[in-house]
Every structure is written in C-alpha cells, then in structure tokens.
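2 protein chains.
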Amino acid sequence: MNFIEGGVCAAKGFKASGIHVGVKTHADWKKDVALIVSETPCAAAGVFTRNVVKAAPIHIDLAHLKNGVARAIIANSGNANACAPHGEEYAERMCAAAAKVIGCAADDVLVSSTGVIGQTINIDAIEGGVQNLYDALASTVEASDAAAHAIMTTDTVKKEAAVGTIIDGKAVHVGGIAKGSGMIHPNMGTMLCFITTDCAISSDMIRAALLETAEISFNRISVDGDTSTNDSCMVLANGLAGNAEITERGPAYAAFLEALQALCVKLARDMASDGEGAKHLITCTVRGAKSVKSAETISKSVISSTLMKAAIFGADANWGRALCAMGYSGETFNPEKVNVAFASAAGEIDVCANGRGLNFDEDKAKTILTEHDIEIRIAMGEGDASCTCWGCDITYDYIKINGDYRT
Amino acid sequence: MNFIEGGVCAAKGFKASGIHVGVKTHADWKKDVALIVSETPCAAAGVFTRNVVKAAPIHIDLAHLKNGVARAIIANSGNANACAPHGEEYAERMCAAAAKVIGCAADDVLVSSTGVIGQTINIDAIEGGVQNLYDALASTVEASDAAAHAIMTTDTVKKEAAVGTIIDGKAVHVGGIAKGSGMIHPNMGTMLCFITTDCAISSDMIRAALLETAEISFNRISVDGDTSTNDSCMVLANGLAGNAEITERGPAYAAFLEALQALCVKLARDMASDGEGAKHLITCTVRGAKSVKSAETISKSVISSTLMKAAIFGADANWGRALCAMGYSGETFNPEKVNVAFASAAGEIDVCANGRGLNFDEDKAKTILTEHDIEIRIAMGEGDASCTCWGCDITYDYIKINGDYRT
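Protein chains in written order, with the working numbering: chain P, 1 to 407; chain E, 408 to 814.
Okay, here's the thing in structure tokens:
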C-alpha cells in the first residue's frame, strides 16, 4: 500500500470537476461547485452528522443511499443549505440538474453543501452552471485538484489524497477530497469528504468499511468542539479494478480497509492541521489506558480543551491543563499514575511523572513547542490500550475568522 | 430580600482580611492570601469540582467538613496546589497555620487555592505571613473587599455581593466573595466562592441549600468549557442572627434559600461577565422546552459553543450557530419548531422562525449585538419549561491571557 497522485481521479473510471457558478459572491470568484462522476454505477455509502439539526442535503442523501447505489456527487461551498427556506427542494434540484447532464436517475446523485447556515441557496446559479461543470469533467490530477478547491470554505490548503494497493492480484485505488477548517468536532464525519475507489465491493461491505474508518479517523479530530449540521463522508466504489467483489470480511476486505483507513487518517490529520486559524497540529497519544475507548475519550478531551489549545498557541508547556482535561473527560483513572511528555521534531521532554510536576528545562520545552507539529504523550499506567487523536491550537486568527464569518 | 453592602462581612460575627505574602511573585505585588473567620463555630458545607483530578485542598476540605462544622477559610491565589509536590501536606499546613493564630482546631479551618497547576506552593510565605493576615482581620466593607481581591487571578473586577432578608422576625444576612475568569464550565462550582451567613441553620440544611443553589447558579455558567481541578464553593453559617435554627424544609428554609440563590446567581453572572478576555455577557434563555433539564442542556450548549461566542464577539447575528449547538447538545427536539431572537438594551430582533432564517435588518441586529449584555432568546415549542444560562464571548484577549499564563 502506498500513497499516490490523483485524488478522486486516481481510481479507474472516475472524473471530477470544480468551477465557479455564483454561490460564493466574493469578489475573488473562488470555485464553488464540484462534481464527481463514475462511468458506471457504484456501490455507495455515507456517514453523516449526528447533530439533531441536519442540513437539507443530508436528508436527500439518506434517501438516495437506501438502495446502496449511486453514480455521482455534486457539492457546493458558500452556503450550507441548512435551516434555510426551500432546503430539501433545492437539494433535490441540485441532484436533478446533475442527473440530467450526466444522463442518470436523480436518485443516483448524492449532494452536499457547506458554508453559512440559514440563507437560501442560489439554486439558479447552480442549475445555470451545471452544464459547464459537466463539460469540465476530466480524469486528471488537475480535475481532482479543481474539485478539491471547489469545496473549500475557510480552508487554507486543499485536502486531497490517494492510495494504491493490491487486492486479489489487481491494482486497486482509493482517493478522496475533503474540506475541514471550522465547526469540527469528533461526532461522525465532522466535515465533508468524498471518496472514490475502483475496488469491487458490495454496498454492505463498503458501508461497513466506511463506518469502521470514520471511527478511527474523522471521529478522532477536533478543531473547535462544534459538530456541524452538514458533516458528510461519502464513498463511491465502481468495481472497475476487476478484483473479485468483496462481499464479506477476510483478507481482501482487510486490505481494502487498510487502504481506506490510511487515506482517511491522512485527510483527517490534514483537516486538524488546517483548523481555522491554526498554527500547530496537536497530536495527543494516550498509552497504557484500560481500553481503547477510554484512551480515545481522554485523548479527545485533551485536544478539545480550549485552555490546552491556547497553551500550545503560546508554546507554553502547561501540562496541568492536559491533566485537568483528562480529569473532566468522564473517564475514571488514578491521577497519581499519569506521566506526561511533550514532543516534536525538536525533541522530547518529560514534564509530569506520577501526577506531579517535574523540574524541567523551560527553554528546551519552548523549543520543542515552537515546531508546527506537537505531540502530547500521555502514559496512564492503567492497562495496555492506546489511542491517538488530532487537534489544533486556538489563535487570534480563529477569533477573527469566526467573529465575522457571514459578511 | 435586598442586596446590601459588606460582602463576607455583612453577616454578624464574621471578619475578613486579604494581604500579599509572596505566593504571587509578580512585580505588582498583588494580594494573594485571604482569611475569613467567624467569632463562633459554624454549620459548614461545601461543593467541589467533579474533575477526577482534584487539587490537594479539596481532599483536606472533604475531611474537615465531615462533621459539618468549621470556623474559618484560608485561601490563596497564584498557585492551585494541584498535581504539585507536597500538595496535601502543605494544604494541611495552611489550615494549621491559620488555626494557630485564630486559636481553633486545624480541622475547623477550610482551605482553597487557585492559580497555576503543578508547581510547589510557597508554604513558607504563607506560614510567614499568617500572623499579618490575622492582624488585618476586620468586619468592614474594606476587609471583605481586601479578601475579594486576594483570591483574584486573571479576574479584572472583584466579585462580591451580600443580601439581607428577614427570617423568623430576625434580620439575616448572606454574603459572598468569588473568583472566576478562566477554566470555567458548568460542572459544580466552576470557581472559588466563599459565603458567610449569620442565619441559624443546621449542617444538613445548609448543605442542602448550597447544593440546590449551586445547581441553578454556578452550574449554569461557562467561560471556556474547562472544568477546573480546584472549583470550590463553601459556606459558613454562625447562627448569630438569632432566628430559630432551621432544621427542615419550610417557610424559613425557603426564605434563606431565596437569599442564597439571589446571591449566588449574581456572583455567577458576574463571573461569566468577567470571563477571561470577555467583552460581552451572553445570557441564553430557552423557553417552551419539554423539561427544565432539557432547557438547561440546550442553553448550556449554546453558551458553550466556541463559534457562537466568536460570533457575539464580532457582533454577528449568526443564529445558525445557536441552532447548530442546540442540535449537538444531546437533547432531541424538532428544529422546525424553533424560534430565535437576539436582544439587548438596544432592542430585540427575530432572526429565525420555525427553524428557518428570517430576512432581518442586519444594521439593527448589529446595534443590538454591540451592547455589553446580550441575550439569546430561544423558543422551542415543545412544552412550558424554561432555563437561563450565562456565558461570555471569546476574544483575542482570551487567547493572549491563556497563551502564556504561567510566565
């Protein structure tokens, strides 16, 4: 298994495009609609936000995914189509418009939106631009890049990756694009992510693989503790790799899962690293926990702590905030067994042993915490389970971006 | 019942003081130790953080409160005495030092600390200064003021209040000082608060009243979602008002509870309003909910949302973030019945009806949201229960304060 080029166009039989049609009204005319199409029908699955308030496209997708088959995904940025007038009607019209130019049924198209909540989406701009969107489709590195850019909101870099592996003697590819940045907290997808693969796999098994993957990737990141109304992760598998269709767990499923998980962990980390205003990627690894679930809860609590995030922003080795966040995570443990260290490319430093502060070299700690990628290493002394979660620091820019997002 | 002057010295038979002894080493020599003493033994109770990681003084207080009797509280700012070497030993020594100058048993003294986690507290400075602290005791407005200042960390204003009421024909006084600012989230006390009263009330009933009060005051505020290791709220009742001792629920208990709750709601609001770096007090009132618990959960989720807080900082009427936070609160409800309005001294504006955005006057909304005290009014359409919680916005200053707190 290895990382390759091509994003959502890495897998055979997929085309993508991304253009500006007018949903975003900023003067800089950024791309605002993306289209991903498979030559042939795909086994399809999705996981969506657990927020009680769900954006309109999610209701449409849940209906369109009932038969486990789809061929295309249309997605816009600039408007979330959540809590907005005509929400479901316009989400359906996005699917219908795409279906018409592709030449497929409307319920074989999935739809996603991201952007501001509560405003009517400019459906005329999307319907008016869909032919141009279709005409721009290509199965190239550039086409995936365009689609990745078209779903960005406050993201500063595109999120795109692809993985190649061998299953059943055949070359299988899995690729994805994603957007993240704000309103991100582990509770399902926590963002938009669209994945394509040429692996032959049944609807049931692609769904199982997606659920298993979301749990250990997107559900282990947090930017700001806010679970969005629009979080969606969808996968299309068209089977063109020619492997024997995966219909049950076994070595082939395991190989596919490994590729899918590698892809999604990379995209999830990239999302955390590019959290709104972030200057640091924070990785929190909890070892020696009594269970993976316990390690995950504790690690998530640490990366979600506003105070911990502010300390990392300030390159301040304030490990007490990590211990505090562990303590209110809901997990029980003995604080007097906890060790904490900070690490980065600049080295590692122990700051807490058996729940008590160590006299450590503050200058060395500062040097370590000045790096972009910071790791908080926690040893619980309770068992042998471990888990890693990812977050980012909170900065002046986060406040600036979110203090006046709508205007 | 009415608000009066005097803070913790408003009740008969209480003296207080606050001085600098050297726990804080900043150049500005702020006060760092407070003492509150009753002439006579008191019925006493406390509620403490639910964080698994508890500061050393809390373990000592739990032991000293077992018999429901106490006479004094000694508290320092500048060091949390949490996860620090010799924690419990030094907390005991603080009690013993105070007991020696007062002339009471060490287990009749309660102790609190607030400040940085994980560093050894300067016990020598406290022991060396305790005679001066005792000599400064007085039952004056100025003495309570000094104690209120001595427990401040990043607070910008002192928190102090007192209430007078009539119980059993006698004038009864309840007063308190508190500190808040950071690491504040509803899960018990969420701060330090010391309350004195001359009401005659049994240990059991003062404890019941404190629990009932914490639930609807301190547990309904949030500054940053971080539940501290040190949260403590303690009350001393010396009975010098001369009312018949309250030993059960009834009109006298109800009158005392009313006074205690009025005091604590005021102190809680003051804490939210003075949250670290805050420019706005945010009050979120949820009406028409199916239960008070449901209204409380939803209201807390809204005031705790980092994105909602950033929007208020930017005076941006981004009500979608309120709906989003309601949706991930864990409560179930029908989003299509939800109405949202923003209000302040400058007026009120409806922004969402039946879960959909309204076309509202953005200029008017901006004017309303520019005031210091902002209210988010939510109508659920599910029942007739309501609840109000308090929070604050998140600002550049919050990041600045917490990016480099230790140095």
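Note that CB positions come from ideal geometry on N, CA and C, so glycine has one too.
Keep in mind the model is a prediction, meaning the values are calculated, not measured.
query	result
P:Gly330 versus P:Asn51 - alpha carbon distance	21 Å
Pair within 8 Å by beta-carbon distance, P:Arg269 and P:Leu260	no
Chain P contact residues for E:Ile524, given Cβ-Cβ distances below 9 Å	Asn318, Trp319, Gly320, Arg321, Leu323, Cys324, Gly357
Beta-carbon proximity list for P:Pro85, same chain, < 6 Å, skipping 5 on both sides	Thr120
Contact with chain P by E:Gly721, beta-carbon distance below 8 Å	yes
Cβ shell of P:Glu248 (< 8 Å), same chain only, five flanking positions each side left out	Met205
Contact list for P:Gly327 against chain E, beta-carbon separation under 7 Å	Asn458, Val459, Val460, Thr636
Backbone CA spacing between P:Gly115 and E:Ile443 [nearest angstrom]	54 Å
Minimum Cβ-Cβ distance from P:Phe342 to chain C less than 8 Å	Included in the structure are the protein chains P and E, with no chain C among them.
Cβ neighbour criterion (16 or more within 10 Å) applied to P:Ala45	buried
Limits of the alpha helix (DSSP H) - the one that P:Pro57 falls within	56–64
Other residues of its chain near P:Ile401: CB distance less than 6 Å, five sequence neighbours each side excluded	Thr154, Glu276, Gly277
Exposed unless 16 or more other CB atoms sit within 10 angstroms - verdict on P:Val157	exposed
Min CB distance P:Tyr90 to chain E below 8 Å	no
Endpoints, beta strand (DSSP E) assigned at E:Leu599	599–604
Interface flag, E:Pro464 vs chain P, CB-CB below 8 Å	no
Residues that DSSP places opposite E:Ser793 in a beta bridge	For E:Ser793, which the question treats as bridged, DSSP gives no partner whatsoever.
Close-in-space but distant-in-sequence residues of the same chain around P:Lys309 (CB under 6 Å, 5 per side omitted)	Asp393, Ile394
Span separating the alpha-carbon of E:Ala569 from that of E:Thr620	15 Å
Where P:His64 falls, given that 16 or more other Cβ within 10 Å makes a residue buried	buried
Beta-carbon neighbours of E:Ile806, restricted to chain P and to distances below 7 Å	Ala310, Phe313, Ile394, Thr395, Tyr396, Ile399
Cβ-based burial, E:Ala487 [other Cβ within 10 Å; buried from 16]	buried
Beta-carbon neighbours of E:Cys759, restricted to chain P and to distances below 8 Å	Cys83, Gly118
Paired residues, beta bridge with P:Leu110 - DSSP	P:Ile73
CA-to-CA distance, P:Ile167 to P:Ile246, given in whole angstroms	10 Å
P:Asn238 to E:Arg728 span [Cα, whole Å]	37 Å
Interface residues of chain E facing P:Thr367 [CB-CB closer than 8 Å]	Near P:Thr367 there are no residues of chain E at all, since even the closest Cβ is about 15 Å away, more than 8 Å.
One or two residues paired with P:His173 in a DSSP bridge	P:Gly164
Residue closest to P:Ser139, alpha-carbon to alpha-carbon, out of P:Val286, P:Thr40, P:Gly7	P:Gly7
Among P:Ala325, P:Lys31, P:Asn354, nearest to P:Glu336 - alpha-carbon criterion	P:Asn354
Rounded C-alpha distance that separates P:Ala143 from P:Ala346	38 Å
Straight-line Cα distance separating E:Ala615 from E:Ala450	12 Å
Whole-angstrom C-beta distance between P:Ser222 and P:Ser304, which should lie under 8 Å	5 Å
For E:Cys449, the first and last residue of its enclosing beta strand (DSSP E)	440–455
Rounded straight-line distance, which links the Cα of P:Glu296 to that of P:Gly383	14 Å
Cβ-based neighbour list, P:Thr40, same chain, cut-off 8 Å, excluding 5 preceding and 5 following	Gly13, Arg71, Asn238, Gly239, Leu240
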